[in-house]
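Student: Under this note's numbering, the first residue of the sequence shown is numbered 0, with each subsequent residue one higher.
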Amino acid sequence: MADTTRTAQATPCVIVLGTCDTKLEELLYVRTKLLDGHHVRVTLIDVGRTPSTDPAVDISQRSVLAHPTSCSPSPSRSAPDISSLTRAELISTLAAHAGPLLASLIEKRLAHGLIALGGSGGSSLAGAVMRHLPLGFPKLLVSTMAAGDVSPYVGEMDVSVLYSVVDIAGLNDILCPILDNAAGAIAGMARAYHARLSRAGAQRKRIAITMFGVTTPAVTTARELLAQYPCTSYVFHATGAGGRALERLIAEGFFDGVLDLTTTELADELVGGVLSAGPHRLEAASRAGIPQVISMGALDMVNFGPRSSVPERFVVDGRKLYEHNPSVTLMRTTRDECAQLGRIIAEKLRKGGARPEMTEVWVPKGGVSALDKEGEPFRDVEADEALIHALSEALQGHEEKSRVRMVERNEHVNDPAFVEGMVHSLLSMMQLR
0 MADTTRTAQA
10 TPCVIVLGTC
20 DTKLEELLYV
30 RTKLLDGHHV
40 RVTLIDVGRT
50 PSTDPAVDIS
60 QRSVLAHPTS
70 CSPSPSRSAP
80 DISSLTRAEL
90 ISTLAAHAGP
100 LLASLIEKRL
110 AHGLIALGGS
120 GGSSLAGAVM
130 RHLPLGFPKL
140 LVSTMAAGDV
150 SPYVGEMDVS
160 VLYSVVDIAG
170 LNDILCPILD
180 NAAGAIAGMA
190 RAYHARLSRA
200 GAQRKRIAIT
210 MFGVTTPAVT
220 TARELLAQYP
230 CTSYVFHATG
240 AGGRALERLI
250 AEGFFDGVLD
260 LTTTELADEL
270 VGGVLSAGPH
280 RLEAASRAGI
290 PQVISMGALD
300 MVNFGPRSSV
310 PERFVVDGRK
320 LYEHNPSVTL
330 MRTTRDECAQ
340 LGRIIAEKLR
350 KGGARPEMTE
360 VWVPKGGVSA
370 LDKEGEPFRD
380 VEADEALIHA
390 LSEALQGHEE
400 KSRVRMVERN
410 EHVNDPAFVE
420 GMVHSLLSMM
430 QLR
């Protein structure tokens with residue numbers, strides 16, 4: 000028995016997730032490929048409306064529904080009745096139970112990869128489950144919907160998506176090779192994940208950094224400086240999805256510190272650009288109470304697609320536009336918008352958490368992006384001053400003076416001296432220097 004247990008622990012286990020009432024034949028095909036062709040263990044989970052009685056199902060639909068949700072942490076004595084639920088309600092209900100179930104298997108190291116098959120409904124369900132699993136855990140979705148916009152299934156997580164080409168409705172010589180490839184892919188990913196778990200050693204400190212093309216020199220300097228200390232840098236491209244991923248990972252406790260050099264997503268959220276990270280950007284670190292040093296990188300711009308995509312109202316108003324490349328048009332934030340951004344940042348930090356002394360805001364008076372300096376198209380001293388004044392007044396001029404420290408420097412955001420100051424301050428708060 001002990002030898003069998005050791006053998007099982009030495010072999011990765013792949014979760015196969017799907018609606019066994021509509022996709023059983025295809026799910027069993029993948030299961031067989033994984034077992035016989037790739038020699039990994041398999042756990043088949045049924046998330047169909049009608050429970051399957053097939054003996055290959057390892058975790059039944061009823062067991063899924065009996066598992067506690069994140070909102071209801073206690074196990075249910077009986078599965079909820081889903082017979083009268085609409086399709087949308089059914090998907091939400093099953094995902095709410097399946098997500099925590101998968102997370103518990105991963106936490107116990109009983110799962111090393113997840114593959115799901117689905118049409119539109121199955122993909123929605125699988126995507127909702129996958130978005131709540133840990134970063135780095137292998138997730139592969141074979142979907143009929145993968146040739147279009149996959150953002151509803153992927154969100155800000157590392158979900159791999161494979162187009163099925165034909166519907167997942169019967170095995171044929173188009174679908175089978177695709178499922179063969181999918182089985183091989185998830186088996187390989189599961190083996191890699193399993194190997195990482197077995198060799199995991201002492202954890203270095205993790206520091207998140209935010210970057211945009213116009214703040215790349217600053218981030219490069221920061222990475223070079225941080226490389227001299229026992230920490231690992233994780234750079235997030237401030238494209239909306241990057242900011243959402245950052246906030247989520249901070250909330251999950253992944254990071255020990257944050258160097259938020261590039262807060263440009265706040266401008267897109269305020270003005271209506273295409274790279275907003277949503278209303279909760281710049282909130283998780285304060286709530287978590289971890290050290291964070293923030294700056295104003297790229298708050299001089301709002302992002303749109305090709306020039307023709309810029310809303311007409313901005314064109315009529317004569318807003319300053321800059322064609323960054325054929326696919327990206329930047330619009331300079333105005334003095335009033337900059338003042339609003341200063342107040343927004345201050346409000347988020349003031350309302351943060353119980354450790355405001357763990358937060359600093361560094362202000363580069365020489366400009367906030369590569370386009371905001373002498374001779375460049377977005378240089379606007381008055382707009383930058385409005386940003387700085389509003390931030391300072393909201394942070395320091397309040398009746399109850401904030402304990403968030405504000406540091407004003409004459410350098411540009413990309414100046415190595417400015418970045419060095421930010422990095423050293425963060426390292427000091429993290430007790431790394």
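Every residue, glycine too, gets a C-beta built ideally from N, C-alpha and C.
Fair warning: this is a prediction, and the values are worked out from it, not measured in the lab.
Arg-108 by DSSP, collapsed to three states: which one?
Tutor: In the sequence shown, residue 108 corresponds to position 109, counting from 1. Three-state result, Arg-108: coil.
Student: Could you give the DSSP three-state label for Cys-230: helix, strand or coil?
Tutor: Taking the sequence shown and counting its residues from 1, the one referred to as residue 230 is at position 231. Correct three-state label for Cys-230: strand.
Student: In chain order, which continuous runs of the alpha helix (DSSP H) of length 4 or greater are located wholly inside the region 335-399?
Tutor: The region 335-399 contains these whole alpha helix (DSSP H) runs: 380-395.
Student: Is it right to say Gly-147 is buried, meaning 16 or more other beta carbons lie within 10 angstroms of its own, or is it exposed?
Tutor: For the purposes of this step, residue 147 is identified with residue 148 of the sequence shown, where counting begins at 1. Under this definition Gly-147 is an exposed residue.
Student: Shortest alpha-carbon distance to Ser-59 belongs to which of Ala-115, Ser-69 and Leu-16?
Tutor: One-based indexing of the sequence shown puts residue 59 at position 60. Of the candidates Ala-115, Ser-69 and Leu-16, the one whose C-alpha sits nearest the C-alpha of Ser-59 is Leu-16.
Student: Would Met-421 and Lys-204 be called neighbours here (beta carbons separated by less than 8 Å)?
Tutor: To locate residue 421, count along the sequence shown from 1; it is residue 422. To locate residue 204, count along the sequence shown from 1; it is residue 205. Contact: no.
Student: Would you identify the three-state DSSP class for Glu-419, choosing helix, strand or coil?
Tutor: As a first step, residue 419 must be located in the sequence shown, where it is residue number 420. Glu-419 falls in the helix class under three-state DSSP.
Student: Given a cut-off of 8 Å, decide if Leu-298 and Leu-390 are closer than it, judged by their beta-carbon atoms.
Tutor: Along the sequence shown, read from residue 1 onward, the residue named residue 390 stands at position 391. Along the sequence shown, read from residue 1 onward, the residue named residue 298 stands at position 299. Going by C-beta atoms, Leu-390 is not nearer than 8 Å to Leu-298.
Student: Thinking C-beta only, is Gly-365 closer than 8 Å to Glu-410?
Tutor: For this step, residue 410 is matched to residue 411 along the sequence shown. For this step, residue 365 is matched to residue 366 along the sequence shown. Contact flag set, yes.
Student: Under 8 Å: do the region 33-43 and the region 177-197 share three or more Cβ pairs, one atom per stretch?
Tutor: Cβ pair count under 8 Å is three or more, so yes.
Student: When you compare only the Cα positions, how much space is there between Gln-339 and Met-300?
Tutor: As a first step, residue 339 is located in the sequence shown; it is residue number 340 there, counting from the start. As a first step, residue 300 is located in the sequence shown; it is residue number 301 there, counting from the start. Answer to the nearest angstrom: the Cα atoms are 14 Å apart.
Student: Given this structure, state the Cα-to-Cα distance separating Glu-398 from Glu-282, to the nearest angstrom.
Tutor: For the purposes of this step, residue 398 is identified with residue 399 of the sequence shown, where counting begins at 1. For the purposes of this step, residue 282 is identified with residue 283 of the sequence shown, where counting begins at 1. Since pLDDT at Glu-398 reaches only 48, below the 50 mark, its modelled position is unreliable, and the value read off the structure follows with that caveat. In a straight line, the C-alpha of Glu-398 is about 22 Å away from that of Glu-282.
Student: Take Ala-217 and list the residues in its own chain whose beta-carbon comes closer than 6 Å to its own, dropping the five residues that flank it on each side.
Tutor: Along the sequence shown, one-based indexing puts residue 217 at 218. Once the five neighbours on either side are set aside, the close Cβ partners of Ala-217 are Leu-260, Val-412, Asn-413 and Val-418.
Student: Could you round the C-beta distance between Ser-122 and Met-144 to whole angstroms and report it? I think they count as a contact, below 8 Å.
Tutor: Taking the first residue of the sequence shown as 1, we reach residue 122 at position 123. Taking the first residue of the sequence shown as 1, we reach residue 144 at position 145. Contact flag correct, Cβ pair sits at about 5 Å.
Student: Kindly indicate which three-state DSSP category Val-15 falls into: helix, strand or coil?
Tutor: Position 16 of the sequence shown, counted from the start, is the residue given in the question as residue 15. Val-15 falls in the strand class under three-state DSSP.
Student: If you drop the 5 nearest sequence neighbours on each side, which residues of the same chain put their C-beta closer than 6 Å to that of Arg-354?
Tutor: Here residue 354 refers to the residue found at position 355 when the sequence shown is read from its first residue. The answer, listed in chain order, is Gly-288.
Student: Pick out whichever of Leu-258, Glu-381, Lys-319 and Ala-207 has its Cα sitting closest to the Cα of Tyr-233.
Tutor: Indexing the sequence shown from 1 puts residue 233 at position 234. Closest option to Tyr-233, Cα to Cα, is Ala-207.
Student: When you compare the CB positions of Lys-22 and Leu-161, do they come within less than 8 Å of one another, or not?
Tutor: Your numbering for residue 22 matches position 23 in the sequence shown. Your numbering for residue 161 matches position 162 in the sequence shown. Taking 8 Å as the Cβ cut-off, Lys-22 and Leu-161 do not qualify as a contacting pair.
Student: Can you tell me where the beta strand (DSSP E) with Met-129 in it begins and where it stops?
Tutor: Within the sequence shown, the letter at position 130 stands for residue 129. Run containing Met-129: none in the beta strand (DSSP E); it sits in the alpha helix (DSSP H), 119-129.
Student: Which of the three DSSP states, helix, strand or coil, is assigned to Leu-458?
Tutor: For the chain, the structure presents residues 0 to 432; residue 458 sits outside this window and is missing.
Student: So within the region 150-222, which uninterrupted beta strand (DSSP E) runs reach at least 3 residues, ignoring any that extend past its ends?
Tutor: Whole beta strand (DSSP E) segments, 3+ residues: 159-162 and 204-210.
Student: According to DSSP, Ile-44 sits in a beta bridge with which residue or residues?
Tutor: The residue labelled residue 44 in the question sits at position 45 within the sequence shown. Paired residues: Leu-16 and Ile-58.
Student: Taking contact to mean 3 or more Cβ pairs, one atom from each stretch, closer than 8 Å, check whether the region 86-102 and the region 129-140 are in contact.
Tutor: A contact exists between the region 86-102 and the region 129-140.
Student: Just to check my reading of the structure: Leu-425 and Gly-256 have Cβ atoms closer than 8 Å, yes? What is that Cβ distance to the nearest angstrom?
Tutor: If you number the sequence shown from 1, residue 425 lands on position 426. If you number the sequence shown from 1, residue 256 lands on position 257. About 5 Å separates the two Cβ atoms, so the contact holds.
Student: Measure how close the beta-carbons of Thr-328 and Gly-304 come, nearest whole angstrom, since I'm counting them as under 8 Å.
Tutor: Within the sequence shown, residue 328 is the residue found at index 329, counting from 1. Within the sequence shown, residue 304 is the residue found at index 305, counting from 1. That pair is a contact at about 7 Å.
Student: Leu-274 and Asn-302 - do their beta-carbons sit closer together than 8 Å?
Tutor: Counting from one through the sequence shown, the residue named residue 302 turns up at place 303. Counting from one through the sequence shown, the residue named residue 274 turns up at place 275. Contact flag set, yes.
Student: The alpha helix (DSSP H) spanning Arg-243 covers which residue range?
Tutor: Against the sequence shown, residue 243 aligns to sequence position 244. From DSSP, the alpha helix (DSSP H) with Arg-243 extends over 240-250.
Student: What whole-angstrom Cβ distance do Leu-124 and Val-46 have, given they're in contact under 8 Å?
Tutor: The residue given as residue 124 occupies position 125 in the sequence shown. The residue given as residue 46 occupies position 47 in the sequence shown. Yes, they are in contact, since the Cβ atoms of Leu-124 and Val-46 sit about 6 Å apart, within 8 Å.
Student: Mind checking whether Gly-317 and Ala-276 have CB atoms under 8 Å apart?
Tutor: In the sequence shown, the residue the question calls residue 317 occupies position 318. In the sequence shown, the residue the question calls residue 276 occupies position 277. Against a cut-off of 8 Å, the Cβ pair of Ala-276 and Gly-317 comes out as no contact.
Student: Considering only residues of the same chain and omitting the five flanking positions on each side of Leu-26, which have a CB-CB separation below 8 Å?
Tutor: As a first step, residue 26 must be located in the sequence shown, where it is residue number 27. Hits under 8 Å: Val-15, Gly-17, Cys-19, Leu-43 and Leu-116.
Student: Just checking Ala-382 against the ligand SAM - is the residue's beta carbon closer than 7 Å to any of the ligand's heavy atoms?
Tutor: Ligands in the displayed structure: none, and consequently the ligand SAM is not present.
Student: Please state whether DSSP places Ile-114 in a helix, a strand or coil.
Tutor: Locating residue 114 in the sequence shown gives position 115, counting from the first residue. Note: Ile-114 maps to strand in three-state DSSP.
Student: Considering only their Cβ atoms, is the gap separating Tyr-28 from Leu-170 smaller than 8 Å?
Tutor: Position 171 of the sequence shown, counted from the start, is the residue given in the question as residue 170. Position 29 of the sequence shown, counted from the start, is the residue given in the question as residue 28. It is a contact, given that the beta carbons lie within the stated cut-off.
Student: Could you tell me the boundaries of the beta strand (DSSP E) in which Thr-328 lies?
Tutor: Sequence index remark: in the sequence shown, residue 328 carries index 329 (1-based). Per DSSP, Thr-328 belongs to the beta strand (DSSP E) from 327-331.
Student: Spatial neighbours of Leu-196 within its chain, please: CB distance less than 8 Å, with the 5 preceding and 5 following residues excluded, ordered by chain position.
Tutor: For the purposes of this step, residue 196 is taken as residue 197 along the sequence shown, with counting starting at 1. These residues qualify, in order along the chain: Arg-108 and His-111.
Student: Under 8 Å, Cβ to Cβ, is there at least one residue of chain C near Arg-198?
Tutor: No chain C is present in this structure, which holds just one protein chain.
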